[in-house]
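Whatever position you read off the sequence shown (first residue = 1), add 3 for this note's numbering.
To keep things clear, I will list the structure first and then write my remarks on it.
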Amino acid sequence: RCGSEFGNCGSGQCCSKKGYCGKTSSFCSSAKGCQSEFGQCKCNYCSTSKGCQSQYGDCRCGSEFGNCGSGQCCSKKGYCGKTSSFCSSAKGCQSEFGGYCGETDAYCLLSKGCQSEFGSCKCGPGYGKCPAGQCCSKEGFCGKTSDYCSTSNGCQSQYGDCRCGSKFGSCGSGQCCSKKGYCGNTDAFCSSAKGCQPEFGQCQCSGNSADAYCSLTNGCQSEFGQCKCGQKHGKCPDNQCCSKDGYCGDTDNHCIVSNGCQKGYGTCEDDSQIVK
């Protein structure tokens, strides 16, 4: 029992007109005489669908009261409001009864203002690109983790950034991994002078391409291809000759003096005698 003679009901219970405690509308409805001074009461004034004016007091929401008004969120405890206490999904915002969370295009389309910093947003064909600094996953959602950004996980580079490096892996075919770990194919991503990471994608040496790849002074590896030599490019490795045309090698075209071998930049052969 409850009322002036018996006192208050327990937590979460309502005191009926006749002084009994309970939780159904027979006990809790103010229209049926619920005594708010001795327990909780639920009223027709609190439901937005019945005209509750949130600017002048609390309005309720949830399975019993319905949705909040436009632009308002339904808190974990079933009250309508606009602050993070009401609207934060981490704090229990009930998206089915109001607020800004949902699963339809109206909520998920970037073109309709989807805010990827507060939830998932769609990307890809028909949805568009993710905001700068975010990646479009194989499934078509924007995010920043390796699930979204790793090429091996299906990152869609045409609809957002894709990442690379020790945490994310290599870029896709034909792309370069920038100093900051993003995939692309412009000079900002591919230039070795700007920090391109060759272990995670292609890189292009800076400057004239012949000089950049072929010059011994730039680290050209003659065991894996031709390298330039001479006054501008440096000396060939041991036991290699610098040809008339300025390439390192060990054939007669490179090593015979009469063929133009450059003595100052590698080994040369003169009448079967090696001259250094």
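Using N, Cα and C, we set each Cβ at its ideal position, and we do this for glycine too.
- Where Asp273 is concerned, the enclosing beta strand (DSSP E) starts and stops at 271–273.
- In the DSSP annotation of this structure, the continuous segment of the alpha helix (DSSP H) that includes Tyr110 starts and ends at 108–111.
- An exposed status is given to Gln234, since fewer than 16 other beta-carbon atoms sit within 10 Å of its beta-carbon.
- Annotated three-state conformation of Asp255 is helix, per DSSP.
- Beta-carbon to beta-carbon, Asp164 and Gln137 are separated by about 7 Å, close enough to satisfy the 8 Å threshold.
- Apart from the 5 residues on each side of it in sequence, Leu219 sits with its Cβ closer than 6 Å to the Cβ of Cys230, His236, Gly237 in its chain, given in chain order.
- In this chain, the alpha helix (DSSP H) harbouring Tyr151 covers 149–152.
- Per DSSP, Ala135 lies in no alpha helix (DSSP H) and is assigned neither H nor E.
- Counting only runs of 4 or more residues that sit fully inside the region 156–222, the alpha helix (DSSP H) segments are 190–193, 212–217, in chain order.
- Ser246 sits buried, since 16 or more C-beta atoms from the chains shown fall within 10 Å of its C-beta.
- Secondary structure at Cys145: strand, using DSSP grouped into helix, strand and coil.
- In the DSSP annotation of this structure, the continuous segment of the alpha helix (DSSP H) that includes Phe30 starts and ends at 28–31.
- With contacts defined by Cβ atoms closer than 7 Å, Gly127 and Gly146 do not form a contacting pair.
- In the three-state scheme derived from DSSP, where H, G and I count as helix and E and B as strand, Cys90 is classed as helix.
- Under the three-state reduction of DSSP output, Gly267 falls in the helix class.
- Annotation for Gly15: Lys26, Gln43 place their beta carbon closer than 8 Å to its own, counting only its chain and skipping 5 residues before and after.
- Between the C-alpha atoms of Phe203 and Ala196 there is a straight-line separation of about 16 Å.
- As computed with DSSP, Arg63 is found in a beta bridge with Ser50, Tyr82.
- Taking 8 Å as the upper bound for CB-CB distance, Gly6 and Gln38 are in contact here, some 6 Å apart.
- Within the DSSP secondary-structure output, Lys231 pairs in a beta bridge with Ser218, Tyr250.
- Look at Lys125 here: in three-state DSSP terms it is strand.
- Tyr82 and Ser73 have their C-alpha atoms spaced approximately 14 Å apart.
- Of the residues assessed, Lys141 falls on the exposed side of the cut-off, its CB having fewer than 16 other CB atoms within 10 angstroms.
- Between Gln161 and the set Thr86, Cys167, Cys139, Gln243, the nearest pair of CA atoms involves Cys139.
- Distance between Gly249 and Gly177, taken at the CA atoms: about 30 Å.
- Inter-residue distance for Gly267 and Lys170 is about 47 Å (C-alpha atoms, whole angstroms).
- Between Gly95 and Ser123 the beta-carbon gap is near 18 Å, outside 8 Å, which marks them as no contact.
- Note on Phe41: 16 or more other CB atoms within 10 angstroms of its CB, so buried under the neighbour-count rule.
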